[in-house]
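All remarks here apply to the structure that follows.
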Amino acid sequence: MPCHRREERCFHIGGEAMPICSRCLFILIGMLFLPLFLIHPLPIYIGFVLQVPMVLDGWTQLKRWRTSTNTLRSATGLMSGLGLSIGISGLFWSIIAWLP
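In structure tokens:
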């Protein structure tokens, strides 16, 4: 997974920075819910809606309108990971339904 690995945006364990930033870590944690959403699928649009907070957080940081925190990066990363899981499971079931 591509990650900038900026030390100030990473969690630290024992004084050492983790090799992945807080947002990317929580995206991966959100992706762990994929099996749950394969069993209990949700509408794909929910997956898209869950991407919006991360996009807005990243966009406002890019424009230098504000500075984000690791807590906010973690929350938006988790929402994004859950949204990706929902989208992938919805796409999976759409393909399965399309097959003869």
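1015 is the number of the first residue of the sequence shown in the numbering used here; add one for each residue after it.
Cβ atoms here follow ideal geometry from the backbone N, Cα and C, with glycine treated the same way.
Item: Pick from Leu1096, His1018, Pro1114, Cys1017 that is closest to Ile1058, judged by C-alpha positions; Value: Leu1096
Item: Residues near Ser1082 by beta carbon distance below 7 angstroms, same chain, minus five either side; Value: Asp1071, Gln1075
Item: Near the ligand ATP: His1018 beta-carbon under 8 angstroms from a heavy atom; Value: With respect to the ligand ATP, the structure shown offers nothing to examine, as it has no ligands at all.
Item: Beta strand (DSSP E) segment containing Pro1033, residue limits; Value: 1030-1035
Item: Residues that DSSP places opposite Cys1024 in a beta bridge; Value: Cys1035
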